[in-house]
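A.B. asks: For the protein sequence lines, the chains are A and B, in the order given.
Taking this note's numbering, the leading residue of the first sequence gets 1, the next gets one more, and so forth.
Taking this note's numbering, the leading residue of the second sequence gets 1, the next gets one more, and so forth.
Positions of the beta carbon are idealized from the N, C-alpha and C atoms, including for glycine.
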Amino acid sequence: MLAIPEGPFVLEVRGGISRTNIDGAAYFDMEMLKALPSARLETSTAVTDGVRRFGGFLMRDLLAHVGAHGSTVIATALNDYMIEIEINEFDRYDVLVAYEMDGEPLLSSDKGPLWIVYPRDQHAALKDIRYDYRWVWQLQRLDIR
Amino acid sequence: MNWTTRALLGVALPILTIAVFIVLLAYSLTRLSEVERDMRIEATQNMLWVISRAHLASLQLSEAAATSTADYADQPELRLRYNVFLSRFSLLDDGPQRRRMEQLGFANALRDFRNVLPELAGLIGSPEIPDIERLHGLLAPYNAMLGQAANKAMVAEWDDLGNKLDISRDQLWHIIVSLAGIALAGAALFIHFLLAIREARRRTRLLNKEKAFSELLIGSSSEGIIAVDKERCCTVWNEAAERLFGVTVDKTIGHRLADVSGFFQIGRIEQAIGEALAGQSAALLDQPFFLPGQSDALYVDLRCFSLRDGERIVGSILLISDVTERRAAQRAIADHRDRLEQLVQERTQELDAALTRERATAELYRNFGTMVSHQFRTPLAIIDSALQRLMRRRNNLTPDEVLQRGSNARQAIERLTKLVESTLDSARLDAGQIEIRIQPCDLGQLVYDLCLRQSEQTPDRKIEVIPVEGHAAIAHCDPVHAENILTNLLSNAVKYSPLGTTIDVSVETKNCRVECAVSNQGALDRQDGPNVVFERYFRGTNAEGRPGIGIGLYIARTLARMQEGDVRIERGEDDRITFVLDLPCATTVTAKDEAPLSHSEPA
């Protein structure tokens, strides 16, 4: 049983999870997300110039936190952009869910509050258009199937 | 096809082909890597999607704003759509997307819209119902720009894609041509390789044929051919060598030469092989060589040469020929030559002797002629003169005078007769018609009798006989011939010694010989040597005016020698000349020798 978030909801996790807090889903405010083990990553992106410093948590830590059990994660953005990602991809790569870029919090009016960031510079295989579309920004929901 | 062309085709062409092959391969790889690189698709090439999402967000914002006027409770929905709108705009206005928009010609439009954003934020952020007309008015040029941008982006992307495909097609075409070139070069190399293999096989066949021919040559050579390596182990041993050494090839190849035959253990043979291994040819001729179990030596000529592989000496080759027969033939020729030389020498000696004899004969006849002209003419002149006187004074000659003249003529005739007899004696002697009857003869008594007779004939000359000492001197000779000899010696002594001088005659026996010496005062010609007096028809200077034909001493010596004796001349100190008759003593003669002997002298 997860704690009830006190602040505004930032992320909603549904589907095959064992830990929930409201209505069979796991809702997180920013405080709860920042409580997860923090991680850092420096990489270039497909849509910005130069190398950016990202701060956040690893996707697999979050999935472990909610006791996710499934094969696929469906990530949905604020504009209803939906992408299916193989869940074991998060074990293979240190995929970050960033809430900071270059020390500044990501804003909802830009790529925030959460942005799925792949270690693009660390793995050549990730410099591919088929990975570029998985960089979901303005992330608001994850469905575990 | 000359050497240069062949070298060009054999070496330069394959190298050129390989170079072409490599260049084409490198070119293809470069092209392929370019294609690989170009096959990456950047996110910015997805501008149509970015623009369409921004357009959608803008439209959704307008819709949310319209909805909010009816139901103000949808304020969070408006904020969400506003955030999405802002997010989409910032994506469009950032990094590569912005540069792309500027390329498409919307830099000013973007800047203009960026300037209206604060007013838009003010409209959305106010707690009152937003001015929808104003909001639409603000968003309308943005939406119009996005519509045009989508249009241009689509055209640009398709143009890009078309160009990219053109480039890729070009690159692929280049690659195909290169690959065709590579295939051609490969085919050329393959053909060259096949030809090279065929040529190599042909050469190998040729080499094998030549090798077989060489082996046939070595095998059929009548000369022994042996090859050794640096360790003197045998590598070639031909059939002639097998016959010569009596060792079959299977017992020699790989074995050391010294172990194969003792011949190769001989110091000078080993040295010759060593010289050949050191790079100097060596030849040993007429080397004796004994086969095991045979006592007769074979003779061989050995020649050693270096075997070279380029500059390096890899062994030695030995040529051995059996020269035994040649050597024997040479020896036979040498023997034959020696025999011929000996024969020639003998014949030369015989011819010399014959020549000498011929010269002597010529000399003889010349002397005979001289003698005849002197000795025969004188008595004839005496006879002629006596007869002339008789005829001229035939009327007034007394009988005594006639008698005197007649006896003079007769004496001259007697001398002539004697001369003829002496000449005939000499001829008989030469013809071997003189018979010798050997018997014991008291030489002392004979000498005494002869001296007595001589004294009666020439009473004016004093002859002194020295008596024999001791036993009688019994010689072993023919008494008649001994008497002739001694008479001759005595008459010579009387004839050639000055008047008033004595003639000494002695007989003595010594060392089984009987010697009778007749000695008289006189001189000899110095120039010709004493023995010249024994030559036929020799007349010394003191013989002038004295009768004789110069044949007495010759006959005397010849007769003496026919009886195992001799006549020799000895000259004394006080101008005395002594002729000695030397005969064997009778006491040493056995009964067998008493038989009559017949001597004959060669002509």
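Cβ of Q122(A) less than 7 Å from any chain B Cβ?
C.D. replies: False, the Cβ-Cβ gap to chain B never drops below 7 Å.
A.B. asks: Quick one: which chain A residues come within Cβ less than 7 Å of A57(B)?
C.D. replies: Under the 7 Å cutoff, chain A gives N79.
A.B. asks: Count the other CB atoms within 10 Å of the CB of F28(A); is the residue buried (16 or more) or exposed (fewer)?
C.D. replies: Looking at its Cβ environment, which holds 16 or more other Cβ atoms inside 10 Å, F28(A) is buried.
A.B. asks: Using alpha carbons as the reference points, say which of G95(B), K209(B), G293(B) and F85(B) lies closest to L139(B).
C.D. replies: Checked all of G95(B), K209(B), G293(B) and F85(B); the closest Cα to L139(B) is F85(B).
A.B. asks: In the DSSP assignment, find the beta strand (DSSP E) that holds P288(B) and state where it starts and stops.
C.D. replies: P288(B) -> beta strand (DSSP E) spans A282 to F289.
A.B. asks: What does L91(B) reach in chain A if we use C-beta pairs closer than 7 Å?
C.D. replies: Per Cβ cutoff of 7 Å: V47.
A.B. asks: Count the other C-beta atoms from every protein chain shown that fall within 10 angstroms of the C-beta of Q330(B), then say buried if there are 16 or more, exposed otherwise.
C.D. replies: Q330(B) comes out exposed.
A.B. asks: If you drop the 5 nearest sequence neighbours on each side, which residues of the same chain put their C-beta closer than 8 Å to that of E594(B)?
C.D. replies: Below a pLDDT of 50, predicted positions are generally treated as unreliable, and E594(B), at 42, falls in that range; no measurement from the model is reported.
A.B. asks: Taking all protein chains shown into account, do 16 or more other C-beta atoms lie within 10 angstroms of the C-beta of D9(B), making it buried, or fewer, making it exposed?
C.D. replies: At residue 9(B) the sequence reads Leu, which differs from the Asp that was named. It is exposed - the Cβ of L9(B) has fewer than 16 other Cβ atoms within 10 Å.
A.B. asks: Which same chain residues, not among the five before or five after H599(B), have their C-beta less than 8 Å away from its C-beta?
C.D. replies: Caution applies to H599(B), whose pLDDT of 45 falls short of 50 and renders its modelled position unreliable; the value that the coordinates give is listed next. Closer than 8 Å at the Cβ level, and outside the excluded window around H599(B), lie G432, I434, I436 and M562.
A.B. asks: Relative to chain B, which residues along the stretch 98-118 of chain A have a C-beta separation below 7 Å, given in chain order?
C.D. replies: Correct list: S108, S109, D110 and K111.
A.B. asks: What's the call for S68(B), buried or exposed, on a 16-neighbour Cβ count within 10 Å?
C.D. replies: It is buried - the Cβ of S68(B) has at least 16 other Cβ atoms within 10 Å.
A.B. asks: Buried or exposed: C585(B), going by 16 or more other Cβ atoms within 10 Å of its Cβ?
C.D. replies: Burial call: buried.
A.B. asks: For the alpha helix (DSSP H) containing Q103(B), name the first residue and the last one.
C.D. replies: It spans G95 to L104 - the alpha helix (DSSP H) in which Q103(B) sits, taken as one unbroken run.
A.B. asks: Taking the CB atoms as reference points, tell me whether L285(B) and D296(B) lie closer together than 7 Å.
C.D. replies: Contact flag unset, no.
A.B. asks: When you compare only the Cα positions, how much space is there between T235(B) and Y27(B)?
C.D. replies: C-alpha separation (whole angstroms): 56 Å.
A.B. asks: Verify whether the separation of the beta carbon atoms of L36(A) and F57(A) is less than 7 Å.
C.D. replies: Yes.
A.B. asks: So, with DSSP's three-state summary, where would you put K418(B)?
C.D. replies: DSSP places K418(B) in helix when its eight states are reduced to three.
A.B. asks: Am I right that A26(A) and R19(A) are in contact with their C-beta atoms under 8 Å? What's the rounded C-beta distance?
C.D. replies: So it is a contact: roughly 6 Å between Cβ atoms.
A.B. asks: Work out the CA separation of L351(B) and T378(B) for me, nearest whole Å.
C.D. replies: Distance between the alpha carbons of T378(B) and L351(B) is about 40 Å.
A.B. asks: Alpha carbon to alpha carbon, how far is A46(A) from R130(A)?
C.D. replies: For A46(A) and R130(A), the distance between alpha carbons rounds to 12 Å.
A.B. asks: Pull up the distance between the alpha-carbon of D575(B) and that of G522(B), whole angstroms please.
C.D. replies: Taking the straight line joining both Cα atoms gives about 6 Å.
A.B. asks: For chain A, check one thing: does any of its Cβ atoms lie closer than 7 Å to the Cβ of V84(B)?
C.D. replies: Chain A, which has a Cβ nearer than 7 Å to the Cβ of V84(B), makes this yes.
A.B. asks: Using only the alpha-carbon positions, how far apart do A150(B) and A180(B) sit?
C.D. replies: Approximately 43 Å between the Cα atoms of the pair.
A.B. asks: Quick one: give me the first and last residue of the beta strand (DSSP E) that M147(A) is part of.
C.D. replies: With chain A running from 1 to 145 in the structure shown, residue 147(A) is simply not present.
A.B. asks: Residues of chain A with a CB under 9 Å from the CB of P96(B): which are they?
C.D. replies: Correct list: A46, V47, T48 and D49.
A.B. asks: For G80(B), return the contacting residues in chain A, with the cut-off set at a CB-CB distance below 7 Å.
C.D. replies: In the sequence as displayed, the identity of residue 80(B) is Leu instead of Gly. Correct list: L78.
A.B. asks: On a CA-only basis, which of A77(A), R145(A), R120(A) and F54(A) is nearest G103(A)? Give me that one, please.
C.D. replies: Nearest of A77(A), R145(A), R120(A) and F54(A) to G103(A), Cα basis: F54(A).
A.B. asks: Take D93(B) and list the residues in its own chain whose beta-carbon comes closer than 7 Å to its own, dropping the five residues that flank it on each side.
C.D. replies: Only L110 and R114 meet the Cβ criterion.
A.B. asks: Using CA coordinates, which residue listed in K510(B), P479(B) and V494(B) is at the minimum distance from F579(B)?
C.D. replies: Comparing Cα positions, the closest option is V494(B).
A.B. asks: Measure from the alpha carbon of S497(B) to the alpha carbon of each residue in Y365(B), I577(B), F193(B) and L217(B), then state which is nearest.
C.D. replies: The shortest Cα separation from S497(B) among Y365(B), I577(B), F193(B) and L217(B) belongs to I577(B).
A.B. asks: DSSP three-state call for H123(A): helix, strand or coil?
C.D. replies: In the structure shown, H123(A) sits in coil (DSSP, three-state: anything other than H, G, I, E or B).
A.B. asks: From I466(B) to N408(B), what does the alpha carbon distance come to, in whole angstroms?
C.D. replies: Whole-angstrom Cα-Cα distance: 37 Å.
A.B. asks: Please report the distance separating the alpha-carbon of L397(B) from that of R410(B).
C.D. replies: L397(B) and R410(B): Cα-Cα distance of roughly 18 Å.
A.B. asks: For C233(B), which residues of its own chain have a beta-carbon under 7 Å away from its beta-carbon, when the five flanking residues on both sides are left out?
C.D. replies: Cβ within range, chain order: G254, H255 and R256.
A.B. asks: Between S126(B) and chain A, is any beta-carbon pair separated by less than 7 Å?
C.D. replies: No, S126(B) lies away from the interface with chain A (no Cβ there is under 7 Å from its Cβ).
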